[in-house]
Each structure stands twice: as structure tokens, then as C-alpha cells.
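*Asks:* Offset between the sequence shown (1-based) and my numbering: plus 380. By construction, the Cβ of each residue, glycine as well, lies at the ideal position given by its N, Cα and C atoms. Starting off with a structure, shown below.
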Amino acid sequence: MLIIHEQGKGSEAITWKANTVLPEGVLWLDLINPTDDERECARKATGLRIPCREDIDSLALSSRIRTDDDAMYLSIPNFADCKGDQPPSPVGLVITSRILLTLRFGQSEAFDLAARNSDKHRWRSSADVLATLLESIVNLAAERMEQVGVNLRALSERVFTPQRMGTPALRNCMLEVGKLEGQQTRNRSSLLGIQRIVSFVRSKAPEWMADDVEVRLRVVDHDLRALDEFDDQLTNKLQFLLDASLGFINTDQNHVMKVLTVVSVATVPPVILAGIWGMNFKDMPELALPYAYPIALGTILLSMLIPVLFFKWRGWLSGD
381 MLIIHEQGKG SEAITWKANT VLPEGVLWLD LINPTDDERE CARKATGLRI PCREDIDSLA
441 LSSRIRTDDD AMYLSIPNFA DCKGDQPPSP VGLVITSRIL LTLRFGQSEA FDLAARNSDK
501 HRWRSSADVL ATLLESIVNL AAERMEQVGV NLRALSERVF TPQRMGTPAL RNCMLEVGKL
561 EGQQTRNRSS LLGIQRIVSF VRSKAPEWMA DDVEVRLRVV DHDLRALDEF DDQLTNKLQF
621 LLDASLGFIN TDQNHVMKVL TVVSVATVPP VILAGIWGMN FKDMPELALP YAYPIALGTI
681 LLSMLIPVLF FKWRGWLSGD
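In C-alpha cells form, the structure reads like this:
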């Protein structure tokens, strides 16, 4: 799909159809899983080399961010800003003094938001479009991080509750921690790519980039630094909740082992007595008594009860 955004048309985007000519005053060409015809149309309209997926998926920084004459080639290898389990996909951007070309392989809430915000920012140049797009990505990422923070607070209240939680409930908490960590990792990978793009564009500072765009990029850069600190806080909180859940599980397991140890120790005296009285020696006077059997049973039970009462007195049977 090839979506065309024209100058002065606001949020009224056009979807390109085969064998049609692009209108004048195009500021933004948005390629989404493009066909060969759509790639060729964008190439002829811009005179630029349209990168392939392998180009923007490369981990080498020199391949992801570079300049070629008047054009800046930018990319984010792992970009994901949609809700759900949509896997991250690479995003490429090529910007010149007159046009912004984007290449993506999945749906993006940030791109849709940027298109809707065109009326608000009154795009006059490709740099305006780029600034709006970066702002939209950062704003949505901030909202998702805030939601992760809200979920973490709710999860913390569940973990640190006065009522004892069983191992299955703690395991569910650990699964939720893993889910939140996955969401935050997706946010982190996207913001890392945006941070590199903003730093690169600001360092190049092309002549055709207006001062107001530079100011907007500076604000985006500050927002990214603040989100980076917030990401550290969320990561530490996630690790803390994971350690706490594991600690509670270990405590429960230790309590089980403690009870088993007490039971095994309490059964040692009865086993010894039963072993002695079961030796069938010829002369065992106590077994010849009229009430030897109930006395032996009572002695065995008493030998088991005394250690249990002692352990209970010492508090070793409690769950604390």
C-alpha cells in the first residue's frame, strides 16, 4: 500500500492506485508492505533509492543511519507500537528537503496519529512531517509506559498482601511480570531507535530544516531522556516484584521442608521403641505384663508427641 499525504490537504490522505500519477505537492509517501509497482512509483516520484527490508533490518548502525547527498536514510530495526502480540518489524525513513518517505511492514498507531495531526501542525515541509511522526511515536510510547506503571502498582498490591498467597497465585504473578517485561522491552527497542534518529538528525542539522523543527526535535530529545529514566524505574520495579515472588515461593517451600523435617524427627523415637520391642528376645519382662500392649502403644505415641510439643513450643511449626 502507498499512502500519499499532500501539502495543504491536512489529514486527507490518498491511497495510490496502479497506473496513476502522483499529485503535486506531496510531502509524505507512506509505504506499507509495498508491492513492486508501489516501490517503483515511489522511486520515480522521489528519485531516491527505496531501501529493501534487509537494509533497514540490519543491526549495523552504519547501515541503519546514513546520508546520501541530500537524503538521510534512517531506520528502526525493531519497531512495535501496536497493542496486542504483533511482532516488531523494521521501519525505514528517507527524508530530503522536499519529501519524507517511510517504509514499514505492519500497522502503526503512531503513524496513524501523525496523519491525523497534520491539520494541527500545518505541515509546510518534510521536516515538519518528520517532527510530527517522531512526536507521535514518543507520545504513544509514553502512554504505554504509564500503563505498564499502573499495572505494576496493581501487581505490587497483589504480591504484598497480608493474606498468604499460594504457589499457583505467585506463579501467575510471575507470568504477569514476564508479560509486562515483554511490553516494556518492545517500548524500549522502539525508543532506542528513535533516540538515535533524533540525535543523528540534530547533529546533521541540514540547512533546509527550519528553526521551529529543531526546537521540536530538542523537546523530543528531552522527552526521550525522561522516558529513559522512567524505563529504568520500571525495570527495577519489575525485577523487584520478580525477586519478591520468588522469595515468597522459596519461603513456602522452606516451610514445607521444615514441617517434613519435624515429622521425620518426631517419628524417630517410636520407630526405635517399636524396633526394640519387636526383637523377640526370650527375656523381655515388660512384654509379659497384663497391660503390656496398651502400655507399649501409649509409650510410642507419647514418644512422638513430646518432640512435636517441643517444636511447637519453639515456634518451629508456624509458617513465619
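In its own chain, which residues sit with a C-beta less than 7 Å from the C-beta of Met589, not counting the 5 before and 5 after it?
*Replies:* Closer than 7 Å at the Cβ level, and outside the excluded window around Met589, lie Ala507.
*Asks:* Which residue's Cα is closest to the Cα of Ala425: Val648, Asp435, Arg433 and Leu411?
*Replies:* Among Val648, Asp435, Arg433 and Leu411, the Cα nearest to that of Ala425 is on Leu411.
*Asks:* Which residues in the same chain as Val593 place their Cβ atom closer than 8 Å to its Cβ, once the five residues preceding and following it in sequence are excluded?
*Replies:* Within the same chain, Val593 has close Cβ partners Ser505, Ala507, Asp508, Leu510 and Ala511.
*Asks:* Can you check DSSP and say which residues form a bridge with Arg446?
*Replies:* BP columns for Arg446 point to Tyr453.
*Asks:* Per DSSP, what are the beta-bridge partners of Ile475 in this structure?
*Replies:* According to DSSP, Ile475 bridges with Met452 and Leu480.
*Asks:* Assign Gln387 to one of two classes, buried (16 or more other C-beta atoms within 10 Å of its C-beta) or exposed (fewer than that).
*Replies:* Looking at its Cβ environment, which holds 16 or more other Cβ atoms inside 10 Å, Gln387 is buried.
*Asks:* Once the 5 residues before and after Arg582 are set aside, which same chain residues still bring their CB inside 6 Å of it?
*Replies:* These residues qualify, in order along the chain: Leu597.
*Asks:* For Ile430, name the three-state secondary structure that DSSP assigns.
*Replies:* In this structure, Ile430 counts as coil in the three-state DSSP scheme.
*Asks:* Under the three-state reduction of DSSP, which class applies to Leu626: helix, strand or coil?
*Replies:* It is helical.
*Asks:* In angstroms with no decimal places, state the Cα-to-Cα distance between Leu669 and Gly678.
*Replies:* Each residue's Cα considered, the two are about 14 Å apart.
*Asks:* DSSP three-state label for Pro468, please.
*Replies:* It is coil, neither helix nor strand.
*Asks:* Any chance the stretch 431-438 sits against the stretch 391-398, with 3 or more Cβ pairs inside 8 Å?
*Replies:* No, the stretch 431-438 is not in contact with the stretch 391-398.
*Asks:* For Arg534, tell me which candidate among Leu621, Ser570 and Lys584 has the shortest Cα-Cα distance.
*Replies:* Note on residue identity: the sequence assigns Ala, not Arg, to residue 534. Taking only the C-alpha atoms, the option nearest Ala534 is Leu621.
*Asks:* Below 7 Å CB to CB, which residues in the same chain sit around Leu520 once its five sequence neighbours on both sides are set aside?
*Replies:* Result list for Leu520: Asp461, Glu489, Ala490 and Leu493, in chain order.
*Asks:* State yes or no: is the C-beta of Leu473 within less than 9 Å of the C-beta of Ile577?
*Replies:* Yes.
*Asks:* Any idea what DSSP makes of Trp408, helix, strand or coil?
*Replies:* In the structure shown, Trp408 sits in a strand (DSSP, three-state: E or B).
*Asks:* From this set, Trp696, Arg568, Ile517 and Phe661, which residue's C-alpha is nearest Val600's C-alpha?
*Replies:* Selected option, being the one with the closest Cα: Ile517.
*Asks:* Give me the Cα-Cα distance between Leu480 and Asn531, rounded to the nearest whole angstrom.
*Replies:* Between Leu480 and Asn531, the C-alpha separation is close to 37 Å.
*Asks:* For Glu418 and Ile445, what's the separation of their Cα atoms in angstroms?
*Replies:* In a straight line, the C-alpha of Glu418 is about 24 Å away from that of Ile445.
*Asks:* Nearest to Phe459 by CA position, among Arg478, Val642, Met452 and Phe485, is which residue?
*Replies:* Ranking the options by Cα distance to Phe459, first place goes to Phe485.
*Asks:* I'd like to check one pair, Lys617 with Trp696: are the Cβ atoms closer than 9 Å?
*Replies:* For Trp696 and Lys617, no; Cβs fall outside 9 Å.
*Asks:* Is Leu607 closer than 9 Å to Leu571 when the C-beta atoms are compared?
*Replies:* Against a cut-off of 9 Å, the Cβ pair of Leu607 and Leu571 comes out as a contact.
*Asks:* Considering only DSSP beta bridges, list what Glu386 is partnered with.
*Replies:* Note: Glu386 sits in a beta bridge opposite Val406.
*Asks:* Give me, in chain order, the residues of the same chain whose beta-carbon lies closer than 7 Å to that of Ser536; leave out the 5 immediate sequence neighbours on both sides.
*Replies:* Leu621.
*Asks:* Where does Asn458 sit, in a helix, a strand or coil, going by DSSP?
*Replies:* Three-state result, Asn458: strand.
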